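Peer 1:
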Amino acid sequence: MSLAVFLICVMLVASSGALFKPDDWYRALAKPGWTPPDWVFGAGWTLLYVMIAVAGWRVWERAETDALLLPMAVYAVQLVLNAGWSAIFFGLKRMDWAMAEVLCLWAAISVNILAFYPIDPVAAWLLVPYLAWVTFAAALNLAVWRLNRSSL
Numbered sequence: 403m404s405l406a407v408f409l410i411c412v413m414l415v416a417s418s419g420a421l422f423k424p425d426d427w428y429r430a431l432a433k434p435g436w437t438p439p440d441w442v443f444g445a446g447w448t449l450l451y452v453m454i455a456v457a458g459w460r461v462w463e464r465a466e467t468d469a470l471l472l473p474m475a476v477y478a479v480q481l482v483l484n485a486g487w488s489a490i491f492f493g494l495k496r497m498d499w500a501m502a503e504v505l506c507l508w509a510a511i512s513v514n515i516l517a518f519y520p521i522d523p524v525a526a527w528l529l530v531p532y533l534a535w536v537t538f539a540a541a542l543n544l545a546v547w548r549l550n551r552s553s554l
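Quick note: to get our numbering, add 402 to the position in the sequence shown (first position is 1).
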């Protein structure tokens, strides 16, 4: 499978962020002082999505066919979870469900790194910034949820 296929799949996931994005509801929420400006999210996610696609492609190209099932299944799960967060947080406006979802995403990325490492350590390391960013996103999700509990 070509890198282009992985890039297309990851860009489909990214489209969830385009469909469900910060709106007036989000802008009106209380946020911690360490919340980055909106443009940081777009720039950061763009780079991360390229790294996620390259990581998946590298494992696909390097693994023996019988060794692909688990790493690619975990890869698919974390992509689905990634796509779901924006829909839950911005679409449904459910910060509590989004918090639970982002914790599942964090766990899936962690397992994905562990599954990729024996096949291609570079691919595993390409997912580490993604895990770091999702850790930050989870902290921000929690902070925004806590700051706005009484107004929901």
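Yeah, the Cβ is synthetic: ideal placement off N, Cα and C, and Gly gets one too. All of these numbers come straight from a predicted model, not from anything done at the bench.
Going by DSSP in three states, Y428 sits in which element: helix, strand or coil?
Peer 2: helix
Peer 1: Which residue wins for smallest C-alpha separation from P438, given the options F538, V524 and W459?
Peer 2: F538
Peer 1: Whole alpha helix (DSSP H) runs in the region 488–534 with 4 or more residues, listed along the chain?
Peer 2: Correct list: 497–518 and 523–528.
Peer 1: Using DSSP with H/G/I as helix, E/B as strand and the rest coil, what is M403?
Peer 2: coil
Peer 1: Can you check whether the CB of A455 is closer than 7 Å to the CB of V412?
Peer 2: yes
Peer 1: Which residue comes first and which comes last in the alpha helix (DSSP H) that contains F443?
Peer 2: D440 to R464
Peer 1: So, helix, strand or coil for P434, using DSSP?
Peer 2: coil
Peer 1: Please look up how many angstroms separate the CB atoms of N550 and L431, rounded, as I've assumed it's under 8 Å.
Peer 2: 5 Å
Peer 1: How about I490 and A478: are their beta carbons less than 7 Å apart?
Peer 2: no
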